Each structure stands twice: as structure tokens, then as C-alpha cells.
Amino acid sequence: MPTERARKAGTAILAVTLVCGASACSVIPTGGKSVVAVDNERKGNPLGDPYARVIAMPPKAAWSPEEVVTGFRAAMASPDDPDFQIARQYLTGDFANNWNPHSGVTVYRQGDYEKFAPLREGDKHAQVTLKGTKTAIIDQDGRYRPSGGPLNQPFTLAKEAGGEWRISAAPDGLLLSEADVARGYLPVDLYFLDSHWKGLVVDQVRVPIDPAANFAKTTVERLLQGPSSSLKGSVRSALADTELIDVTTENNRVVVDLTRRVDPDLIDPMSAQLAATLTALTKGGWGFEVKVNGESYYADTPLQIDAQEQSNFDPWTTPDTVTSFYLADGALWLLDKENVGRPVPGRAGQKKNALTRPAISGQPVQQVAALAQDGRSVSVAPLAAGGEWRVWATGESLIQPSWDRYNTLWTVDRPNDHTSIVTRHDGDNKHRYRVSAPDLETAYVKSLKVARDGVHVAVVVKDGLGEQVHIGTVIGERENTRIANLQTVVDSEGKRTIKDIAWKDGKTLYALTGKSELLEASVTAEPKPLAFDSRIGIESITALDSILLAGAKDDQGNRQVLYWTSTKWEPLVKNETGSTDFTENGPSAPAFPLG
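The sequence shown maps to residues -24 to -1, 1 to 571 in mature numbering (1 follows the signal peptide of the UniProt record, and there is no 0).
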């Protein structure tokens, strides 16, 4: 366990990170015993420092091995020492030259030192082991991935000629507590473009604080570096061929100053990228302007960007029109503003269709794809007068189909319990391409849903341990399509089963378990329970932004579509008399476009 001296040293070192908390002020240590808080010079600037500054302290001559390791841990967490010059003072000369702090971050829940035998006079070497719980990994490119398990990290120390202890061996990268990460890194949503240059794709990263720059500048610099490894090959950037000079404010606008102009065809995509990335930082109340080398973007007029430019560019980022569908008595129904349904036009709106689990495409030509009850075919029908069903896919055991924003239909066939074949059907089913998915081809896929950004994909896989939910990315087009970068977001803990999944947006997914428990999951956080009511037999879910619907059946077999109020489930669909009571042929299987 830590010595009393180590506890005191750790308190003195870490106190500099605790004084200001979330306020925008600077913290300057004085002699390692106390701190003085001073006003931030950028106070009042919406792009000013949203953090407390932490200044690393060099080691003291008489510190014990535990105190040296404690000081090293604190120095690693200092944003005010981005080159880790102070942290290297805790290392021996040879190790200081070889240590690489930029190879990633291991995040842990605050631990303690393992007890070891007391040092004897004349000892030249010592080992201090930090025990705790590992909670996440931050990759070199800022990708944050939850990662559990015990932390058992040894630090080897050597006594140098002057009698001072220094660390001679430790892992590369940074070892930071959850509190260190909360203070020194901020979560940022970077926005890139899909392969068609038409849609926005979010990339969730952690960006280290740079005290020499406002955080908006740091964020745009990170945006210009390109996507994290999880999206490489899947997205593009209109800002790939320019560099950043500065980000400032002027006339109630955030001004982004670049070194060169982008191609004229990329001005709208660039504007959408910047607006989507910066709006959250400015709380949505500021517009934007792009300059080049300090001058107006155009010769005679500035390039000004509305704060909601991303919505104009890509309506799926914040949908303003919500249309929901559901099945009843074998027909597909459209819900109106009064929550009363009416059959859709065409064959899909006729009763007694032997189809289930509908999936609705986007515009301009809206279609429904549905799975046959025997699971051996998927049929598609236009939602228009005269629209007829056509079989698009057949197989041994198909899953619910999924549309993407390019009117491509995705299907999965499972010829046996350990094989899954993913296919995308382009256009009017004139072209079919088998998707390369090495991690799925030898597994049993229960569900596959492409997000509305057309890039992220969620998959439910069943194996001997249970069922897991993975999120990955779609790379390439047509015959070169593949699914890669799969990351587990809901594991098979307790042999749980997954009934259904639904994308909320491009970064958040809902998962429905076999016990009617609703989980919210993403690649950056452990799954969070939202609802649990065993009395409600929820069978399927669909979501669009903040709206979440479920198809349910009660103990008497009566069906209803429910909506989530953020605290409980409520019936949604009304009949012509205004009642929400239905029989076994009532509403079921709700669906949003691209849901």
C-alpha cells in the first residue's frame, strides 16, 4: 500500500487538477504545496478554454519509489506539458530517450499500489505496481474504446548516482485515470463526408487539450488530420488539401482561416463539415466564416456559413419530417399527424400480405422491403398506386432487410448455423453484389442494420457464448464492398439474447434484449439501460433521432405500437374513434425510413 509520504506527495501533485474543476481558469502550483487560481485571459470568449490548466511538477530529490511513480502519473496528465518534458524528468536517461508517450492511452479507474517488501539500505532497484481496473483505450488517432479488465501495471525504478529514484522501465503510451481523461481530453464529434460527397458521417474522438490554442482551433486541426482508423476508407473530407492558420471570433462569428481555397464543388460539403463539427462547441448560437490567409474567401464577398448548414446539406442529421409506418392485418399503414393510420398505396397496403418485418427506403422513390413469414424470400414494393410486390432475394434463412441512403437494399442469408452471406442490391435490383465480411461469413448473423449515414453498420451475431451487437463500417461500393472495423458494443453477458436493434443516429444504437430490456449503445461507452418492463412484450423497435417506437403484444395477444416518453412506454396508434385498443390484428412492427 502507499506510504504516508506517498499519499501526501500524490495529494500535492494532484491538487492542481482539483481546484478549478469545470471553471475556465488557470491553475499555477506554488512550490508543490498549494495552488493559486488566476482568471483566464480569454474569459468571455465562446472559444475560450473550457478547462482548468494543470502544470506538471518535477520530481523531488528525496522522493521514494511510490512518490516518483505518483509524480510521473500526474505529469502524464498535464495538458500544459504537451511534449512531456516534465514527465521525462521522472525517467532514467536511457529510458527518457526511448519512452513514447504518443502510442495511445490506457484509461483506468483509480487504483492503488501493490504492497511490496520494504527497501533495504543499498538497494539500487525497486518495482512499484499500480493495481486498478482498466476501463478504456484511446488510440493514437483519438478513438475511444471501452475496454474492461484488471490493471496490473509494474514500474521498474533504478537509483541513480545522486541517490534519486528514477523509472527505468514502464509501458509506452499514457496511463491516465478516468478523472485525468475528463480533465485533459474533451469528446468531440468530427464530421466527414460519405463516398458520394452527399452525406455527413460522424467520427467520435477524444482530443487532448492544448493550452496554447482555443479548443475550436484544436478541433479543426484534428478535423483536417482526417478520420480515425475506424472510418479510414469509408469517408472523405473537403478539407483534405488545405491547412489551418487560426480560429478566431469576429462580428459574432467564428472565423476559420485556411491556407488555401477548396475546389468550388466542395464549398458546400466543406461548409457542412465545419458547421456540424463546430456547432456543438459554440452551443449553436454562432455563425461561421471561412477566410483564406486572413482575407475574404471570395474577392468581394465573405464565405459565411449558417449555424445549421449541416441540416441543409444533409437532412438526415436533424430530420424535420417524421413519417412512421407499421403493419396491421398483413397491410402496411402510414401514421398521420393525428396518430391514426391509413393503408399505403399499392399492393403493400392491401390486407393479408404474408410478409413481416418491413423496411422503408428513403426518397425520392419510396419502397418497402419485407421478409416472408417463412424467411426464405425478401420482396419489395413501391409505395405508390399500382405498386406491385417483386421478389428481390431468396435464400435458406433470410433476416429482415435494411435500406441505406443510396436506395441499396442489404440482405443476409444463413444457409446453416455457422455461415452468413451478406448481399447488397443496387438500383432496381439490377445488380447484386456479395459483400466481403470476413468476421461475419463464419458466424450466425441475426440482424444487420445500416445507419442513415450509409457508412456505419450494426450487426447482431450469435455464437456459443450468446449474442453480441457489433458496430462496424462499410467500405467501398458495388463488387468492392466490405464490412470492416467491427467493435463489440453489447456483449453476451449472461447469455442474453437480442431481439432487435435500431439506429438512433449515426453514433447511437438501441438494442432490445429478450427480456424486453432496452439498451443504448455506442462505440465510445458501455451500454446503458433505458427501460425494463417484463409486463410489456416488446417484439421490435425502430428509431429516428429522439423518437423511439416499439411493436408490442400483451398477455392476451393484442398488439400495439408504443412510443418511449423517456420514462415509460405509451400506446401510440389510434383507431378512427380515437381509441388505442386493438386486437391481435392490431398495429405491429413499426418502421421509420432507413430504420
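Cβ atoms here follow ideal geometry from the backbone N, Cα and C, with glycine treated the same way.
Just so we're clear, the structure is a prediction, and the values are computed from it rather than from any experiment.
Within 8 Å, strictly: CB atoms of residue i and residue j
i	j	result
L303	A565	yes
L242	F264	no
Y66	G47	yes
A507	W540	yes
G202	D290	no
V549	T559	no
P34	A102	no
G482	A427	yes
L385	W368	yes
G124	K110	yes
P77	L150	yes
A346	L359	no
W75	R64	yes
L538	A528	yes
T473	G490	yes
G283	W309	Contrary to the premise, residue 283 reads as Ala rather than Gly in this sequence. No, these two residues do not count as a Cβ contact at 8 Å.
G362	G322	yes
residue 575	P569	Missing from the structure shown is residue 575; the chain here goes from -24 to 571 and no further.
R390	S373	yes
Y486	L462	no
W379	S337	yes
S204	D115	yes
Cα-Cα separation between residue i and residue j, rounded to whole angstroms
i	j	result
V344	Q280	40 Å
V104	L95	11 Å
residue 573	Q286	The first residue shown for the chain is -24 and the last is 571, placing residue 573 beyond what the model contains.
K327	D509	32 Å
T457	N383	15 Å
D165	V388	31 Å
A434	H401	18 Å
D476	K91	48 Å
A307	R410	31 Å
V157	A53	8 Å
S(-2)	A335	Any reading at S(-2) needs caution, since the residue's pLDDT is 31, under 50, leaving its predicted position unreliable; the model's value is listed next. So the two alpha carbons sit approximately 47 Å from each other.
V11	A146	Residue placement at V11 cannot be trusted, given a pLDDT of 30 that sits under 50; what the coordinates show is reported in the next sentence. Distance between the alpha carbons of V11 and A146: 29 Å.
G20	G325	Low per-residue confidence applies at G20: pLDDT is 39, beneath 50, and the placement is therefore not dependable, though the value from the model is reported in the following sentence. G20 and G325: Cα-Cα distance of roughly 58 Å.
D56	A188	8 Å
G209	R535	44 Å
T253	A37	46 Å
L311	Q376	21 Å
S423	V356	18 Å
T225	M246	19 Å
S153	T255	29 Å
T195	I31	22 Å
G98	D222	55 Å
R229	R159	27 Å
S206	V268	31 Å
E552	K313	13 Å
Run of the alpha helix (DSSP H) containing residue i, from where it starts to where it stops
i	result
T195	191 to 200
residue 573	Given a span of -24 to 571 for the chain in the structure shown, any question on residue 573 remains unanswerable.
residue 576	Because residue 576 is not part of the residues shown, which for the chain are -24 to 571, the question remains open.
First and last residue of the uninterrupted beta strand (DSSP E) at residue i
i	result
V316	Segment: none, V316 is in no beta strand (DSSP E) and carries neither H nor E.
R121	120 to 122
F131	126 to 135
R458	458 to 466
A335	331 to 336
P147	Where P147 is concerned, there is no enclosing beta strand (DSSP E), given that its DSSP letter is neither H nor E.
L347	343 to 348
T518	513 to 520
beta-carbon residue i near the ligand ATP non-hydrogen atom, thresh 7 Å
i	result
E469	Because no ligand of any kind appears in the structure shown, any question about the ligand ATP cannot be addressed here.
Residue-chain proximity (residue i, chain B), Cβ-Cβ < 8 Å
i	result
L520	The chain inventory of the structure shown lacks chain B, comprising one protein chain alone.
Three or more C-beta pairs closer than 8 Å, one from the segment 505 to 524 and one from the segment 125 to 144: is that the case here?
In short, these stretches do not touch, since the Cβ pair count stays below three.
Are the segment 175 to 184 and the segment 113 to 122 touching by the rule of at least three beta carbon pairs closer than 8 Å?
The segment 175 to 184, when compared against the segment 113 to 122, does touch it at the 8 Å Cβ threshold.
Would you check if there are 3 or more beta carbon pairs closer than 8 Å linking the segment 414 to 424 to the segment 388 to 404?
The segment 414 to 424, when compared against the segment 388 to 404, does touch it at the 8 Å Cβ threshold.
Spell out a yes or no on whether the segment 56 to 76 and the segment 159 to 176 are touching, meaning 3 or more CB-CB pairs, one atom from each, closer than 8 Å.
In this structure the segment 56 to 76 does not touch the segment 159 to 176; the number of beta carbon pairs closer than 8 Å is below three.
Could I get the ranges of all uninterrupted beta strand (DSSP E) runs contained in the segment 221 to 270, with 3 residues as the minimum, in chain order?
Here the runs fully enclosed are 229 to 234, 263 to 268.
With a cut-off of 8 Å, do at least 3 Cβ pairs link the segment 138 to 157 to the segment 220 to 238?
Touching, no.
Can you list, in chain order, the stretches of the beta strand (DSSP E) that have 3 or more residues and sit fully within the segment 363 to 443?
Listed in chain order, they are 366 to 370, 385 to 392, 395 to 402, 407 to 410, 420 to 426, 432 to 439.
Touching by the beta-carbon criterion (3+ pairs, under 8 Å), the segment 307 to 318 and the segment 449 to 466:
As far as the Cβ criterion goes, the segment 307 to 318 does not touch the segment 449 to 466, which means the pair count is below three.
Mind the definition here: the segment 492 to 499 touches the segment 435 to 443 only if three or more C-beta pairs lie below 8 Å; say whether that holds.
Judged by Cβ distances under 8 Å, the segment 492 to 499 makes no contact with the segment 435 to 443, as fewer than three pairs qualify.
Those runs of the alpha helix (DSSP H) which lie wholly inside the segment 31 to 117 and span at least 4 residues:
Those alpha helix (DSSP H) runs which fall completely within the segment 31 to 117 and span 4+ residues are 41 to 52, 61 to 64, 69 to 74.
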